[in-house]
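Heads up, the thing below is written out as structure tokens.
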Amino acid sequence: MAKKIPLQPENFELESTTVWDFPVRGRWATHDAKYRGNWSPYIPRNVILRYSSEGDTVLDSFVGGGTTAVEAKLTGRNFIGIDINPLAVDLSVKKCAFEYDSGVDISILQGDARQLPLDKESVDLICTHPPYANIINYSDGIEGDLSLLSMKPFLAEMGKVADEFYRVLKKDKFCAVLMGDTRKNGMVQPLAFETMRLFELAGFKTKEIIIKQQHNCKATGFWKTNSVKYNFLLLAHEYLFVFKK
């Protein structure tokens, strides 16, 4: 008989340092790794529990595979999920369809992170994992899909996202954004810190810079061989920025 998947993680403890490492990505409720590039549920769970309270409203405007949505439901937070890709919206709705009476509202809809259908200062926490420019293309040509943009135009649009996040977040509340870097012609492209700067220009203060170690990256064997051949280090971390309004 197959082991029953638990609704909550076993032996969970909040992270207490600025280095987070989850060798096992997490398997509870409806979580899985089928949506390419989705984040470990340990990340939104830590963010939600540390920076919000039960009954608060959490926003993820790059909802993707629904990981944040599931964690909001499991931790008793109201949730607004938005994605420009209708396939992501449908998947996230299905991910949240399990029975669990937390008495919260879960709303997931198609929309644009640069033009949120929300009132000013209407959410208590933003917890999101945007695409890393065009490292992974999440659609075949949906207008407004930021995952189709190279670094420079991507950052121009992320500036608009930062402005919208600042508008809809309540004063003294927090916004957590996971972002990674890339390489071009052998040189590191500091996408993460460029993104951090955009959020600071929008008015946010940087409360934490967390290093999140990466595991199980695709094609690691191929890139490991080439890293020696062409003398470059493999990018094995991402940055989780926690901003305060």
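Here our numbering = 1-based position in the sequence shown + 280. Idealized CB from N, CA, C, for every residue including glycine. Predicted model, so just to flag it, every value in this text is computed and none were measured.
Can you list, in chain order, the residues of its chain with a C-beta nearer than 7 Å to that of residue i? Leave out the 5 residues immediately preceding and following it.
i: residue 288; result: 308, 354
i: residue 347; result: 311, 318, 319, 321, 324
i: residue 412; result: 459, 460, 462, 471
Along the chain, where does the alpha helix (DSSP H) containing residue i start, and where does it finish?
i: residue 309; result: No alpha helix (DSSP H) contains residue 309, which DSSP labels as neither H nor E.
i: residue 322; result: 322-331
i: residue 430; result: Premise fails: residue 430 is in no alpha helix (DSSP H) and is neither H nor E.
Kindly list the residues whose CB is nearer than 6 Å to the CB of residue i, restricted to its own chain and excluding five residues on each side of it in sequence; keep chain order.
i: residue 527; result: Summary: the structure shown does not reach residue 527, with the chain confined to residues 281 through 525, and so no result is reported for it.
i: residue 410; result: 342
i: residue 468; result: 461
i: residue 483; result: 446
i: residue 339; result: 360, 403, 406
i: residue 419; result: 365, 425
Name the DSSP bridge partner or partners of residue i?
i: residue 463; result: 468
i: residue 358; result: 337
i: residue 518; result: 492
Measuring alpha carbon to alpha carbon, tell me which of the options ends up nearest residue i.
i: residue 329; options: 454, 491, 515; result: 454
i: residue 472; options: 444, 350, 522, 418; result: 522
i: residue 394; options: 430, 306, 439, 524; result: 439
Which residues in the same chain have their Cβ closer than 8 Å to the Cβ of residue i, if we skip the five residues on either side of it in sequence?
i: residue 391; result: 341, 362, 363, 364, 397
i: residue 399; result: 448
i: residue 384; result: 335, 352, 353, 356, 357, 358, 359
i: residue 298; result: 488, 489, 490, 491
i: residue 300; result: 322, 323, 326, 490, 491, 492, 493, 520
i: residue 281; result: Any reading at residue 281 needs caution, since the residue's pLDDT is 48, under 50, leaving its predicted position unreliable; the model's value is listed next. Once the five neighbours on either side are set aside, residue 281 has no close Cβ partner at all.
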